[in-house]
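Undergrad: Note that this note's numbering has the sequence shown beginning at 3, numbered continuously upward. All residues carry an ideal CB built from backbone N, CA and C; glycine is no exception. A quick note: this is a predicted structure, and the numbers were derived from the prediction, not measured.
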Amino acid sequence: MNLAVVTNDLVTKEDAERLRRSGLIEPERVLAVEAGACPHTVIREDPTLNMAAGDELEASFPGLELIVFESGGDNLASTFSLDLVDWWIFVIDVAGGDDIPRKKGPGVLKSDLLVVNKIDLAPHVGVDLERMLAEASAVRSGRPVIATNARAGDGVEALADAICRSVLFRE
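1) Mind checking who D156 pairs with in its DSSP beta bridge?
2) Looking at C-beta atoms only, is the number of pairs between the stretch 20-36 and the stretch 86-93 that lie closer than 8 angstroms three or more?
3) Work out the CA separation of V93 and S139 for me, nearest whole Å.
4) Which runs of the beta strand (DSSP E) fall wholly inside the stretch 39-80 and span at least 3 residues, in chain order?
5) Within this structure, are the beta carbons of D95 and K120 separated by less than 8 angstroms?
6) Once DSSP output is grouped into helix, strand and coil, what is the label at I27?
7) Can you check the stretch 85-143 for any alpha helix (DSSP H) of at least 4 residues that lies completely inside it and give the ranges in chain order?
8) Taking L197 as part of the beta strand (DSSP E), name the residues at either end of that continuous run.
9) Please state the DSSP three-state secondary structure of L21.
10) Rounded to the nearest angstrom, what separates I102 and P64 at their Cα positions?
11) Which one of T150, E72, A79 has the shortest CA to CA distance from A18?
12) May I ask you to report which of helix, strand or coil DSSP gives L5?
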């Protein structure tokens, strides 16, 4: 998959730097947007900084198939502008509590795909994972939910397959 990533942070490039060091992607394929204010503003109300970063990546990497726009996850009410994204993945963390699906934030309800990550932590934080996944599915009106333990690779293939099918239109 020919991809690039744009990260969003308040006043640092922490997420981009961590991703560049990870070895998961060529470092030059990662750009950082420093919001200077709430990072959610630059993905929703005024996405022009992110759009410019996406344009720069497209110019630098002809044939680019996918740009992932990341936004830090401390806000269950955060959404992406449809001017910026064509397909939206919302990731929640089991350690955040099994009540997240019941809170019915816009990301849980309206994203194209909901990922419930860190499923391995469920027994350590008192989360009934089966119940959490069932409640997530129930509130999403048929939109998919994928459970992952990304660090161990559990569910990652299903996530990649969903992106290939729904975004890149590949089987």
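TA: So, to answer that:
1) N151
2) no
3) If you take the alpha carbons of S139 and V93, they lie about 14 angstroms apart.
4) 68-71
5) yes
6) coil
7) 102-105, 108-112, 131-141
8) The chain is shown only over 3 to 173; residue 197 falls outside these bounds and no answer can be derived.
9) helix
10) 39 angstroms
11) E72
12) strand
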